[in-house]
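Enquirer: Straight run, no breaks: the sequence shown in full-length UniProt numbering ends on number 300.
My structure is below; once you've seen it, I'll send some questions.
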Amino acid sequence: MFTFEPAHIRGLEYSRPHRVYTNDLSKLRKIPGPGQKSGNKSVIRRSEVIYKANRFANSVDQTLNKMPLKLFLEALTKDLESDLTKTRAIYRWLTIQPIRTIKKTKSEVDKNTAEYLLRLVENRLTYAQLFSILCGMIDVPCVVISGFTKGSSYQVGEKLTKKHKAEWNAVLINEIWCLVDTFWGACEIVGKSTTELKYSYDDYYFLTDPEQFIYTHFPDVSQWQLLDKSFSMRKFRKQACLKQRFFELGMKFLADTLCCVETKDGDVSLVFGLNRHRSKQQIFQSYVKAFEPDKKAQHE
1 MFTFEPAHIR
11 GLEYSRPHRV
21 YTNDLSKLRK
31 IPGPGQKSGN
41 KSVIRRSEVI
51 YKANRFANSV
61 DQTLNKMPLK
71 LFLEALTKDL
81 ESDLTKTRAI
91 YRWLTIQPIR
101 TIKKTKSEVD
111 KNTAEYLLRL
121 VENRLTYAQL
131 FSILCGMIDV
141 PCVVISGFTK
151 GSSYQVGEKL
161 TKKHKAEWNA
171 VLINEIWCLV
181 DTFWGACEIV
191 GKSTTELKYS
201 YDDYYFLTDP
211 EQFIYTHFPD
221 VSQWQLLDKS
231 FSMRKFRKQA
241 CLKQRFFELG
251 MKFLADTLCC
261 VETKDGDVSL
271 VFGLNRHRSK
281 QQIFQSYVKA
291 FEPDKKAQHE
């Protein structure tokens with residue numbers, strides 16, 4: 001399922017209640033739309049111990065990647081009974097794969113294998129599309145969402161363009177749509193002057209809270225924000241780019257959350273709320289850059 005009509009797939013039909021394109025509308029009859037909530041997503045995270053799913057995913061070696069997809073998924077999800085743990089195993093496996101190393105391999109590989117799909121990532125498949133394919137094979141509803149992200153190429157306050165376009169997923173767990181970004185869960189930029197990717201597993205982007213996700217991910221279809229009150233593109237563009245660490249530290253904005261704050265006299269005040277149990281042990285530093293409009297350059 002897609003929130004957009006992909007150019008490489010023909011014959012898809014559109015479901016207005018679900019705001020998705022699919023090749024089988026009948027499968028959506030028992031699936032809730034993005035605006036239909038039946039519980040709190042945070043309950044899902046605590047409802048099961050997912051250590052077993054992590055252990056199975058970590059134990060999958062490169063030889064299993066060469067197995068037929070059906071057998072590969074059976075091995076990956078062995079003894080995992082719930083959609084949550086199975087989905088978690090797929091997320092963990094995908095986010096620890098050295099994609100670029102695998103793509104450089106010259107040997108022939110069967111098209112019906114996980115390794116073949118991994119070789120297609122970035123050129124013909126996105127992380128989100130591969131995640132969706134694998135979830136579909138274990139009968140877990142999964143949507144590929146298209147939108148804008150404030151990622152490594154984003155400069156504070158700039159206009160969002162095609163270079164900021166990206167894809168991520170919503171997956172249905174216990175009748176609740178939850179957000180997943182396997183690409184952000186797998187990668188981080190090494191240094192400021194390079195686009196070299198270091199593969200580093202990050203749990204934060206598995207079932208991320210929609211109230212936090214919206215600060216970096218803006219879907220083209222507003223219903224897939226999964227918020228009670230949706231953001232506009234204007235609000236998304238102007239708001240501060242808050243990322244994982246901000247929320248992990250229990251921080252809050254106590255004033256405006258704009259990404260660009262203007263000052264007439266050179267003074268500006270940014271007010272944050274801190275976690276009272278952690279604040280006494282925390283020290284914060286500011287990172288300041290000066291921008292010269294005439295030179296169209298910034299310096300530290």
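Yeah, the Cβ is synthetic: ideal placement off N, Cα and C, and Gly gets one too.
Helix, strand or coil for Ser26? Go by DSSP, reduced to three states.
Expert: On the sequence shown, position 26 is the one that residue 26 refers to. The answer is helix: DSSP assigns Ser26 an H, G or I state.
Enquirer: Just to confirm my understanding: we take Val271, look at its own chain, exclude 5 residues before and 5 after, and list those with CB closer than 7 Å. What are they?
Expert: Numbered from its first residue, the sequence shown carries residue 271 at position 271. So the list reads Leu254, Ala255, once near-sequence residues are dropped.
Enquirer: Does Leu258 come out as helix, strand or coil in the three-state DSSP assignment?
Expert: Taking the sequence shown and counting its residues from 1, one reaches residue 258 at position 258. Strand.
Enquirer: With the cut-off set at 7 Å, would you say Cys142 and Val171 are in Cβ contact?
Expert: For the purposes of this step, residue 142 is taken as the residue at position 142 of the sequence shown. For the purposes of this step, residue 171 is taken as the residue at position 171 of the sequence shown. Cβ atoms of Cys142 and Val171: closer than 7 Å.
Enquirer: Taking His277 as the reference, give the member of Thr257, Met251, Leu258, Ser286 with the closest Cα.
Expert: Looking up residue 277 in the sequence shown gives position 277. Looking at the Cα atoms, Met251 is the closest of the given residues.
Enquirer: Could I get the ranges of all uninterrupted alpha helix (DSSP H) runs contained in the UniProt domain "KY-like immunoglobulin-like" (234-285), with 4 residues as the minimum, in chain order?
Expert: Runs of the alpha helix (DSSP H) inside the UniProt domain "KY-like immunoglobulin-like" (234-285): 244-248.
Enquirer: Once the 5 residues before and after Asp110 are set aside, which same chain residues still bring their CB inside 8 Å of it?
Expert: Here residue 110 refers to the residue found at position 110 when the sequence shown is read from its first residue. The residues are Lys66, Pro68, Tyr116.
Enquirer: I'd like to confirm the pairing. Which residues does DSSP put opposite Leu172 in its beta bridges?
Expert: The sequence position of residue 172 within the sequence shown is 172, counting from 1. Partner(s): Trp177.
Enquirer: Leaving out five residues on either side along the sequence, give the residues of the same chain with a beta carbon under 6 Å from the beta carbon of Phe4.
Expert: Mapped onto the sequence shown, residue 4 falls at position 4. Result list for Phe4: Ser146, in chain order.
Enquirer: Buried or exposed for Ile119, please, with buried defined as at least 16 other CB atoms from any protein chain shown within 10 angstroms of its CB.
Expert: Taking the first residue of the sequence shown as position 1, residue 119 is located at position 119. It should be noted that the sequence gives Arg, not Ile, for residue 119. Buried, because 16 or more other Cβ atoms sit within 10 Å of the Cβ of Arg119.
Enquirer: Out of Lys86, Met1, Asp181, state which residue places its alpha-carbon closest to the alpha-carbon of Tyr14.
Expert: Against the sequence shown, residue 14 aligns to sequence position 14. Taking only the C-alpha atoms, the option nearest Tyr14 is Met1.
Enquirer: I'd like the span of the alpha helix (DSSP H) that includes Leu218, first residue to last.
Expert: The sequence position of residue 218 within the sequence shown is 218, counting from 1. It is Phe, not Leu, that sits at residue 218 in the sequence shown. Per DSSP, Phe218 belongs to no alpha helix (DSSP H); it is in the beta strand (DSSP E), 217-219.
Enquirer: For Gly11, does the three-state DSSP call read helix, strand or coil?
Expert: Walking along the sequence shown from the start, residue 11 turns up at place 11. Correct three-state label for Gly11: coil.
Enquirer: Using C-beta distances below 8 Å, list every residue in its chain close to Lys163, excluding the 5 sequence neighbours before and after it, in chain order.
Expert: Here the question's residue 163 lines up with position 163 in the sequence shown. Result list for Lys163: Ser153, in chain order.
Enquirer: Is Gly35 helix, strand or coil by DSSP?
Expert: As a position in the sequence shown, residue 35 is number 35, starting the count at 1. In this structure, Gly35 counts as coil in the three-state DSSP scheme.
Enquirer: With Ile145 as the anchor, note down where its beta strand (DSSP E) starts and where it stops.
Expert: Against the sequence shown, residue 145 aligns to sequence position 145. Element bounds for Ile145: 142-149.
Enquirer: Identify, in the order they occur along the chain, each residue of the same chain with its Cβ nearer than 6 Å to the Cβ of Val261, setting aside the five sequence neighbours on each side.
Expert: Taking the sequence shown and counting its residues from 1, one reaches residue 261 at position 261. Here the set comprises Val268.
Enquirer: Within 8 Å, do at least three Cβ pairs link the region 164-184 to the region 126-140?
Expert: Touching, per the Cβ criterion.
Enquirer: For a test of the three-state rule: what should DSSP assign to Glu5, helix, strand or coil?
Expert: In the sequence shown, residue 5 corresponds to position 5, counting from 1. It is coil, neither helix nor strand.
Enquirer: What is the DSSP secondary structure of Thr77, reduced to helix, strand or coil?
Expert: Within the sequence shown, the letter at position 77 stands for residue 77. Coil.
Enquirer: Out of Gln281, Ile214, Arg19, point me to the one whose CA is closest to Gly33's CA.
Expert: The residue given as residue 33 occupies position 33 in the sequence shown. For Gly33, the nearest C-alpha among the options comes from Arg19.
Enquirer: Leaving aside the five residues before and after Gln212 along the sequence, list all residues of the same chain whose C-beta is less than 6 Å from its C-beta, in chain order.
Expert: The residue given as residue 212 occupies position 212 in the sequence shown. Within the same chain, Gln212 has close Cβ partners Phe247.
Enquirer: Taking the CB atoms as reference points, tell me whether Leu76 and Met137 lie closer together than 7 Å.
Expert: Position 76 of the sequence shown, counting from 1, holds the residue named residue 76. Position 137 of the sequence shown, counting from 1, holds the residue named residue 137. Against a cut-off of 7 Å, the Cβ pair of Met137 and Leu76 comes out as no contact.
Enquirer: For Glu211, which residues does DSSP report across the bridge?
Expert: Position 211 of the sequence shown, counted from the start, is the residue given in the question as residue 211. Answer by DSSP bridge pairing: none, since Glu211 is not bridged.
Enquirer: Give the straight-line distance between the Cα atoms of Lys78 and Cys241, rounded to the nearest whole angstrom.
Expert: The residue labelled residue 78 in the question sits at position 78 within the sequence shown. The residue labelled residue 241 in the question sits at position 241 within the sequence shown. Cα-Cα distance, rounded: 39 Å.
Enquirer: Please work out which residues of its chain come closer than 8 Å, Cβ to Cβ, to Gly35, disregarding the five sequence neighbours upstream and downstream, and give them in chain order.
Expert: Residue mapping note: residue 35 aligns to position 35 of the sequence shown, counting from 1. Closer than 8 Å at the Cβ level, and outside the excluded window around Gly35, lie Gln223.
Enquirer: Is Thr182 helix, strand or coil when you go by DSSP?
Expert: As a first step, residue 182 must be located in the sequence shown, where it is residue number 182. It is helical.
Enquirer: Rounded to whole angstroms, what's the CA-CA distance from Ser82 to His217? Just pull it up for me.
Expert: For the purposes of this step, residue 82 is taken as the residue at position 82 of the sequence shown. For the purposes of this step, residue 217 is taken as the residue at position 217 of the sequence shown. Rounded to the nearest angstrom, the two C-alpha atoms are 28 Å apart.
Enquirer: Quick one: give me the first and last residue of the alpha helix (DSSP H) that Gln129 is part of.
Expert: The residue given as residue 129 occupies position 129 in the sequence shown. That run of the alpha helix (DSSP H) goes 127-137.
Enquirer: To the nearest angstrom, how far is the alpha carbon of Ala89 from that of Leu64?
Expert: Position 89 of the sequence shown holds residue 89. Position 64 of the sequence shown holds residue 64. Each residue's alpha carbon lies about 14 Å from the other.
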